[in-house]
Every structure is written in C-alpha cells, then in structure tokens.
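Okay, structure first, notes after.
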Amino acid sequence: MKGVVFLGDSELDIRELPKPSAGSGEVVIEMKASGLCGSDLRPYRMPKTEKASPELLHVGGHEPCGVIAEIGPNVTQVKVGDRVMMHHYTGCGACSMCRIGYTQMCLHHHEVYGSTEDGGHQDYLLCPESTCIKMPDALTFEQGAACACGSGTAFHALKRLGISGMDTIAIFGQGPVGASGTLFAKSMGARVIAVDVVPERLELAKKLGADAVVNASDGNSVEAIRQLTHGEGPDATLDATGISQVRNDAVDAVKYWGRVCFVGEGNTTKFDVSPQIIHKQLTIYGSWTFSTGGLAEVADFVVERNVPLDDLITQRFQLDQAVEAYELFTGATTGKVLFTWV
11 MKGVVFLGDS ELDIRELPKP SAGSGEVVIE MKASGLCGSD LRPYRMPKTE
61 KASPELLHVG GHEPCGVIAE IGPNVTQVKV GDRVMMHHYT GCGACSMCRI
111 GYTQMCLHHH EVYGSTEDGG HQDYLLCPES TCIKMPDALT FEQGAACACG
161 SGTAFHALKR LGISGMDTIA IFGQGPVGAS GTLFAKSMGA RVIAVDVVPE
211 RLELAKKLGA DAVVNASDGN SVEAIRQLTH GEGPDATLDA TGISQVRNDA
261 VDAVKYWGRV CFVGEGNTTK FDVSPQIIHK QLTIYGSWTF STGGLAEVAD
311 FVVERNVPLD DLITQRFQLD QAVEAYELFT GATTGKVLFT WV
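Below, the structure written as structure tokens:
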C-alpha cells in the first residue's frame, strides 16, 4: 500500500508501506477520503533540519474517513464494514478530559494522527477503536473527511459563540475552516460577512451563502464591516487565520458587548486590553477542534439540516497525485481539497 510522508521544505514522499494489522482494541480503516488541512502545511513546509530522520517520519493527514476493514481482539463498538470518521487524537483514556471525549486535552499525554502517529494519507490506517465515530447513512465519505477536522472545528467555534438567526457574524479568513464557518453560520440562520484577501475564496464564500464579502487587501476591513452593520459592528466575529493583525481586526470590528472566537493557530498577538476588550465588554473564546461526541454532532447537523457541504470541496486528487495536491493547496486559493479512493 502507499502513504504520503512530509519530508519538510515543501517536499513529500509517496512511499510503499506494509499494510497494518489490528491488535487488541484496534481497527484498520480502509481509506475512502482524507482531507488536506492548513495544519498539514506546518510539517509540509518545516525546514528539513528541524524534522526527524526521514525513516522516522509519520504518514500525514488528520481528516480520515473510510470503512472498517479489520478489527482486533476486544473490539466491541464497531464491526467490519462500518463507515467511520476518525477523531484524530488519543490520550490516556482515564483523566477528566479524556472521559469527556477531549483526548487532545489529555492531562498526561496525547498523540496526534498525521503527526506523532501515522495519519490518513495512506490506503489503510491503524487506530484504536475509541477514535472511530460511526457515520450517518446519508453522510458521504468526502463530507465525513471535512467534518473530521476543518469543518467540525468551524461548527464548534460557532456553537461556542452561540450563533443564531438573531446574529450578524464577520468571519475572517475563507480557507477551508473559515468557509465552513460561513456555510454553517448561514445554516444556523445568521447574517454572514466573509472577509479575505483572495478573490477566489471570496467568490467561494458567496457561493456558500455569505450575505456580504469584504476584500481586506486594502487594510480597511474593520471600517468596511462597520459600514455593513450601521456603524456598530457585528454581534460576533470569528478569526480562522491565526494572523496577529487579523485577530486585532476581529476584536476591533465587533460591536460593544460582542463575542469573539479564535480558531486560527499560531503567532503571538498583542492587545491593548482596556480599550479593545474591557471597555467594549467583550467575551473572548478560544476553540480547539472538538470532542469525540462533537464529531458525531457536526455530522448529524450536516445531515439533518441538509447542509450543502459538498459545495465547500473544490478539488479531489488520488493519493499518487500528492505532490500536485499540496502544491495547489499551499497556494491558499482553494476551498476544501481531498484525497479520495472512491
């Protein structure tokens, strides 16, 4: 079988790998879809001098979706043939965070599939049964892969913000996470202002239902958003970029008593706390992916609300096209990009 390994310096290797076998409590998933995520670009771009020896590197990809091909002893919750998404973390299983399904917040130690363990960019994936979430029958594999990180992250950020039809929300960044936020916020009834600097991504935001788009390339996004909100600002803002200035824009744009959520990773950001936050009476949230139960929740939402998640997907590749896929994805003009086996 084949798998994709990030070598660093924007290079990758498509390797021949042995097919895994399931041990106690483990399953093997036959991949049907595996998403590319902005988080994958960090190990992809990382200097080779900062990476482990090439033979020690793990298979990339942390948005796996497929069919159970094999189960090991003591597996009781899934069976061969089940369609599953994977919650791509494991922890100790016993601490207070693991017990509520937030294994990425394990108080002792956690592993990340696609980083510290082999991920979904391979034909077959070995993982613990506990990471597998059964898919609703109406959810496609491509939709499941999107839910497994990027789209699920956006959904739960909006849930933290309490978004409803009473709200106007400005979403900064219209990559796969931010664009998912636009799609889900519309499904929740909100008025959505989509913000980006890439024309292709603003066009996608319109397709996904954005009521207004703001091209932030002139540096005046805050004023543009105020003009769209009677000079007050939106009820809530969501930053999906992780860029320091954009985080400040998200805080500055929101109205008095507004809510702000950060999901974009990386970078250090400075705020002038009194005028920007305290005197505006803001509520600030950080939101990091979701729990195992949260993955099932977003999948159910997509199916029950008939969310057109397929509209988010702009490119599909075979695994042997990984070089081309990542060269395209790193250009930051796409929506969701997937490897598919179907």
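Sequence positions in the sequence shown follow my numbering and run 11 to 352. Think of the CB as a built atom: it goes at the ideal place given N, C-alpha and C, for glycine as much as any other residue. A quick note: this is a predicted structure, and the numbers were derived from the prediction, not measured.
If you drop the 5 nearest sequence neighbours on each side, which residues of the same chain put their C-beta closer than 7 Å to that of residue i?
i           : result
residue 343 : 208, 210 and 211
residue 34  : 82, 83 and 84
residue 262 : 232 and 286
residue 353 : Missing from the structure shown is residue 353; the chain here goes from 11 to 352 and no further.
residue 199 : 174 and 175
residue 126 : 68
residue 243 : 235, 236, 263, 264, 265 and 268
residue 145 : 93, 94, 95, 154 and 309
Mapping the DSSP letters down to three states, classify residue i as helix, strand or coil.
i           : result
residue 63  : coil
residue 246 : strand
residue 74  : strand
residue 270 : strand
residue 230 : coil
residue 143 : strand
residue 56  : coil
residue 128 : coil
residue 138 : strand
residue 23  : strand
residue 17  : strand
residue 43  : strand
residue 264 : coil
residue 169 : helix
residue 69  : strand
residue 86  : coil
residue 12  : strand
residue 122 : strand
residue 100 : strand
residue 48  : helix
residue 28  : coil
residue 107 : helix
residue 117 : coil
residue 174 : coil
residue 196 : helix
residue 252 : coil
residue 158 : coil
residue 259 : helix
residue 148 : coil
residue 187 : helix
residue 291 : coil
residue 163 : helix
residue 352 : coil
Considering only DSSP beta bridges, list what residue i is partnered with.
i           : result
residue 180 : 203 and 247
residue 213 : DSSP output for residue 213 lists no bridge partner at all.
residue 296 : 272
residue 225 : 206
residue 81  : 37
residue 95  : 75 and 143
Tell me which residues share the same chain as residue i and place their Cβ nearer than 6 Å to its Cβ, disregarding the 5 neighbours each side in the sequence.
i           : result
residue 300 : 162 and 166
residue 171 : 246, 269 and 271
residue 61  : 18
residue 328 : none
residue 196 : 202 and 219
residue 52  : none
residue 27  : 11 and 13
residue 7   : Residue numbering for the chain in the displayed model covers 11 to 352; residue 7 lies beyond these limits and cannot be assessed.
residue 296 : 272
residue 76  : 39, 40, 41 and 42
residue 316 : none
residue 359 : Because residue 359 is not part of the residues shown, which for the chain are 11 to 352, the question remains open.
In chain order, what residues of the same chain lie with their CB nearer than 8 Å to the CB of residue i, ignoring the 5 residues before and after it?
i           : result
residue 143 : 94, 95, 96, 97, 302, 305, 306 and 309
residue 90  : 78, 79, 80 and 81
residue 279 : 254, 257 and 258
residue 335 : 46, 325, 327, 347 and 349
residue 159 : 45, 47, 49, 72, 73, 98 and 299
residue 32  : 38, 80, 81, 82, 85 and 136
Is residue i near the ligand MN, with its Cβ less than 7 Å from a heavy atom?
i          : result
residue 26 : By its list of ligands, the structure shown contains no ligand whatsoever, and the ligand MN lies outside what it can speak to.
Touch test, the segment 125-136 against the segment 62-75, Cβ-Cβ under 8 Å, three pairs minimum: yes
The segment 286-295 contacting the segment 79-88, beta-carbon criterion three pairs below 8 Å: no
Sufficient close CB pairs (3 or more, under 8 Å) joining the segment 189-208 to the segment 217-232: yes
Secondary structure, beta strand (DSSP E): runs of 3+ residues fully inside the segment 299-349: 323-327
Touching by the beta-carbon criterion (3+ pairs, under 8 Å), the segment 302-312 and the segment 172-182: no
The segment 331-348 in contact with the segment 113-126 per 3-pair CB rule at 8 Å: no
Three CB pairs or more closer than 8 Å across the segment 40-49 and the segment 98-107: no
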